[in-house]
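Number of protein chains: 2
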Amino acid sequence: MPEILVVGSVAYDDVQTPFDRRRDVLGGAASYFALAASRYAPVHVVAVVGEDFRDTDIARLRGEGIDVAGIERRAGRSFRWHGRYDYDMSAAETLHTDLGVFAEWHPIVPDDKREVPYVFLANIDPDIQLDLLDQVRAPKLVVMDSMNYWLEYKRDAVAKVMSRADVVCVNEGEARQFAQTFSIIRAAREILALGPTALVVKRGEHGAMLFLRDGGVFWSPAYPLEKVQDPTGAGDSFAGGFVGHLASVGRTDAAELRRAVVHGTVSASFAVETFSVDGVAAATPGAVDERYRLLRSLVDIGAGAAEDTAPGVE
Amino acid sequence: MPEILVVGSVAYDDVQTPFDRRRDVLGGAASYFALAASRYAPVHVVAVVGEDFRDTDIARLRGEGIDVAGIERRAGRSFRWHGRYDYDMSAAETLHTDLGVFAEWHPIVPDDKREVPYVFLANIDPDIQLDLLDQVRAPKLVVMDSMNYWLEYKRDAVAKVMSRADVVCVNEGEARQFAQTFSIIRAAREILALGPTALVVKRGEHGAMLFLRDGGVFWSPAYPLEKVQDPTGAGDSFAGGFVGHLASVGRTDAAELRRAVVHGTVSASFAVETFSVDGVAAATPGAVDERYRLLRSLVDIGAGAAEDTAPGVE
């Protein structure tokens, strides 16, 4: 089975919602991504943590079958993020960020992982993402994420990463920010003009859209959840299910990209149901399959012959 | 072909957006609904207008094949609404409402229209909606709409209308308000418990959801538009496409209800592309069909045998 490489943060989060709070819980883009993707295919993590990082958390990732040999431990503190959500749970307010050892980290992909075919570049300085693209050798698929900070302060570097990636995976606000337009369609056109095959626009509770350079468009609803406990990690878990599915089938054609979006949506749904990575870690293959099927039925306009007849318009 | 009866407002609107403005243009729930539904089946309108109502606007509706014999003209002014949209175009701010002759109107369904099988009760005082339900004779399908004002001040009457309707068609905010919960799923459960077969929750640019009393759920994306000029009438146009499709096929089973939601979405997309009813009036059968097909392809997870295999989860 094709394997997956992720480069990104492994961190501790302090998360507040109007209803609850968790301190010092396992977080970071690479943690969410790896746990979600490991449901589908073997995952190698390249990350950095500080002296304060708990061995039990490394063991937890390893216990899920994730290759943690690329997680470097350095003198200093681990990356810590403190955020808060308001009642509508849609956007996080960052109260404090302590980059710790992440600040000066310049990731090196271990030599034996440079030929891993499926690569996810989590949100990180785009100059570092460009350097990572020079380190890996002819990957079959590169998926990249970014964030508003880099879009504002390193726009040109972000555009270069986008032009070298196969799939750009950003949220709605980032797509709008990058293209300086409210229209998602225009933003998609502008990003795709840079060169990627596909753009995924994550829209939170409103699902995710896939835009292909050849003009194809796909839209998956979000998995309907009665209760959202903590939206942190939704986007990285989405990427985990997305890349995970593509690696598991070993294909990246339009049909599989559509299914990958649905798998990303499923992964994100597990992430937001709990604080920290607990939901993603608890997702069983059976539960993943059940949610995939529900999402498919949710958008099913109707099976059978009637589906192929023209709608009832005179 | 089964026919459709709509009872609601025929009005003049004054609409401002950050980009443009129109004064004294044809509006009102029944106008939007009738024009959208008339693409699918014959429509009879029951409404009231004032002395100031232009004959050319009545003639315009008649010219679209709509039966306007039930539009009563009374001494006084026509219903006028003045609203404004902000940059995100999602919610209207009402600047002024002049009910005019609509204020004292107590609609009577003409005797020869009491057996029309498909009935849409547009947003109007719920006590009047209840009275209308006593006037019509065993309709095959009753669809009702309402608005925040009635949900707040006449909640019990609205609940009674919901319990007697087959389909409740409200927007996201109204569903939340009625059920006093942020969760759309919980709101749906509460409304369906009152008795309707189905609930449609309109979510603007995020599409529409259909909840069936038997537990079925369906989600349609909104039609992706590059430019929205005026969201006024989107909900009533949605209802027009929704009821229109059901009347045109003469069935109201779960499969047709799903397709009806997609047709509603298509109708709404024409409505918001222009000011007033111009977009709905200009929609040709070919254009409707094209948008229906695009929406179907937009959510198509993949055709062929692969669709029926379990997703790539180990």
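Note that the protein sequences, when read in sequence, are chains E and U.
Just so you know, we're using numbering that gives the first Met the number 0 here: the first sequence kicks off at 0 and counts up by one.
Just so you know, we're using numbering that gives the first Met the number 0 here: the second sequence kicks off at 0 and counts up by one.
C-beta: ideal position from N, C-alpha, C; glycine also.
- Runs of the beta strand (DSSP E) spanning 3 or more residues and lying entirely within the segment 107-186 of chain E occur at 117-120, 140-143 and 166-170, in chain order.
- Boundaries for His-105/E: no alpha helix (DSSP H) harbours it, and the DSSP string shows neither H nor E there.
- Secondary structure of Arg-257/U (DSSP, three-state): helix.
- A direct Cα-Cα distance of roughly 5 Å separates Arg-21/E from Val-14/E.
- When Cβ-Cβ separations below 9 Å define contact, Pro-116/E makes no contact with chain U.
- In the same chain as Ala-36/U, and ignoring 5 residues on each side of it, the C-beta atoms closer than 6 Å to its own belong to Ile-3, Val-42, Gly-239, Val-242 and Gly-243, in chain order.
- Cβ neighbours of Phe-52/E within its own chain (closer than 6 Å, five residues either side excluded): Ser-77.
- Contact between the segment 57-76 of chain U and the segment 85-95 of chain U is absent: fewer than three C-beta pairs spanning the two stretches fall below 8 Å.
- The C-alpha of Asp-124/E lies about 23 Å from the C-alpha of Arg-202/E.
- Listed by position along chain E, the residues whose Cβ is nearer than 7 Å to that of Pro-220/U are Trp-218.
- DSSP, reduced to helix, strand and coil, places Tyr-84/E within a strand of the structure shown.
- Below the 8 Å Cβ cutoff, chain E contributes no neighbours of Leu-132/U, its closest Cβ being approximately 26 Å away.
- Residue state for Ile-190/E is assigned as helix, using DSSP reduced to three classes.
- By the Cβ test, the segment 160-167 of chain E is in contact with the segment 134-143 of chain E, since at least three Cβ pairs between them sit closer than 8 Å.
- Sequence-distant partners of Thr-16/U (beyond 5 residues in either direction) whose C-beta falls short of 8 Å from its own C-beta, in its chain, are Arg-83, Tyr-84, Met-88, Gln-228 and Asp-229.
- Between Ala-40/E and Gly-7/E, the beta carbon gap of about 17 Å keeps them out of contact (Cβ cut-off 8 Å).
- For the pair Arg-38/E and Thr-283/E, the Cα-to-Cα distance works out to about 8 Å.
- Interface residue (Cβ-Cβ distance to chain E less than 9 Å): Lys-226/U is classified as such.
- Contacts with chain U at 9 Å (Cβ-Cβ) do not include Pro-109/E.
- Looking at the DSSP output, His-95/U sits in a beta bridge with His-81/U.
- Taking each of Gly-232/U, Leu-193/U, Met-161/U and Leu-34/U in turn and checking the Cα distance to Arg-61/U, the smallest one comes out for Leu-34/U.
- Distance between Arg-72/E and Val-9/E, taken at the CA atoms: about 11 Å.
- Within chain U, Ile-300 have C-beta atoms less than 7 Å from the C-beta of Arg-295/E, given in sequence order.
- Between Met-208/U and chain E, the shortest Cβ-Cβ separation is below 9 Å.
- Leu-297/U and Leu-256/E have their C-alpha atoms some 13 Å from each other.
- Under the three-state reduction of DSSP output, Phe-52/E falls in the coil class, being neither helix nor strand.
- Taking a C-beta distance under 9 Å as the contact criterion, Ile-184/U and Pro-195/E do not qualify as a contact pair.
- Looking at Trp-104/E, Phe-101/E, Arg-258/E and Thr-55/E, the one whose alpha-carbon comes closest to that of Arg-292/E is Arg-258/E.
- Restricting attention to Val-287/U, Arg-250/U and Gly-249/U, the CA atom closest to the CA of Ala-267/U is found in Val-287/U.
- Proximity to Val-265/U across Gly-206/U, Glu-50/U and Asp-111/U peaks at Gly-206/U, based on C-alpha coordinates.
- Judged by their CB atoms, Gly-278/E and Phe-237/E are not nearer to each other than the 9 Å cut-off.
- Our two residues, Asp-56/E and Ala-187/U, have alpha carbons roughly 40 Å apart in a direct line.
- Contact annotation: Gln-128/E and Ile-107/E have beta-carbon atoms that are not nearer than 9 Å.
- Each of Leu-131/U, Leu-132/U, Gln-179/U and Pro-138/U was checked against the Cα of Arg-154/U, and the nearest Cα belongs to Gln-179/U.
- The alpha-carbon of Phe-274/E is positioned some 12 Å away from that of Tyr-11/E.
- Within chain E, the C-beta atoms nearer than 7 Å to that of Ser-182/U come from Glu-225, in chain order.
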